Amino acid sequence: MTVGGEQGLEGEEARRSSGGAAPRRVTAVIPALNEAPSIAGVVEGLHGAEVLSGGVVVVDNGSTDGTGDIARRAGACVVREERRGYGYACRAGVLAAEDADVIVLLDGDAADDPGDLPRVLEPLLAGEADLVVGSRALGSRERGSMTFQQVFGNGLAALLMRNIYGVRVTDLGPFRAICRRDLLALEMREMTYGWSVEMMVKAARAGYRYREVPVTYRRRIGVSKVGGTLLGSLRAGWCIISTTVRYRRWEPQESPAAVGAGP
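Numbering (my numbering), first residue to last: 8 to 270.
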């Protein structure tokens, strides 16, 4: 499925070494499970951004509330991924956006502000970073938008990343930007809650330039699949922490992983 031609590895390496302009075809990927009340607003908010030249891909992760149909009517390209899991959904969206140069990931619950898109993209498009993460810690977080266990687990994982990998991390926020080819080269394996931290850990191991920018984080619409229950929070927290240390000896391959490889 074409959403947004993909540059060769040699071209990307030349861009980095020469300081040339970053690729410009940007596609937003939104994993969504039962986000009917919020998904249209998120998609429509993104469509207002001139920098989003590759459109919006919403991955319907087995929703039962019509999320996919609502997203499609709002103007998104919708793909269906029946295997439940945040990582499965993100991966399906990245593979669907086969003509994108840059992938932006954000959640479909309206907690991330689409208005922050230019800020998240700026360091990458300027050739100053390879992975940009929107930091809620550096920006503003609405009261009640994260539970205590989410804040604690997020802070602990950030501390481990700083100590193990030497990367100055303040947040593991879902709003992030990365070149599609660079993301495929990370050979992502965590198909549930560990996806985001795996990306950051492997990016550090691969020598990607990391940058955080302040973003706004709001109370989500609807009930969180992670923070909505104590058990869900504990499971997600354990997955994130264990993923943080699991890949500390991971080494990147010499060339990007083939599209479609992996689970």
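Heads up, the beta-carbon is just placed ideally off N, CA and C, and yes, glycines get one too. In this text, all values refer to a predicted model and were calculated from it rather than measured experimentally.
Checklist entry - Taking buried to mean at least 16 other C-beta atoms within 10 Å of its own C-beta, is N161 buried or exposed? => result By the 10 Å Cβ count, N161 comes out buried.
Checklist entry - How should S249 be labelled, buried or exposed, when 16 other C-beta atoms within 10 angstroms of its C-beta is the threshold for buried? => result exposed
Checklist entry - In three-state terms, what does DSSP make of G92? => result coil
Item to check | Secondary structure of R188, DSSP reduced to three states | outcome: helix
Next on the checklist: Using the Cβ count rule (16 or more neighbours within 10 Å means buried), how would you classify L53?
Outcome noted: buried
Checklist entry - Can you tell me whether DSSP reads G141 as helix, strand or coil? => result strand
Next on the checklist: Per the DSSP calculation, R218 is bridged to which residue(s)?
Outcome noted: V139
Checklist entry - Given a threshold of 16 other Cβ atoms within 10 Å of its Cβ, counted over all protein chains shown, does T177 qualify as buried or as exposed? => result buried
Checklist entry - Quick one: complete alpha helix (DSSP H) runs, 4+ long, within the segment 32-75? => result 46-54
Checklist entry - In or out: T71 buried (at least 16 other Cβ within 10 Å) or exposed? => result By the neighbour-count rule (16 or more Cβ atoms within 10 Å), T71 is not buried but exposed.
Next on the checklist: If you reduce the DSSP assignment to three classes, tell me which class V85 lands in.
Outcome noted: Correct three-state label for V85: strand.
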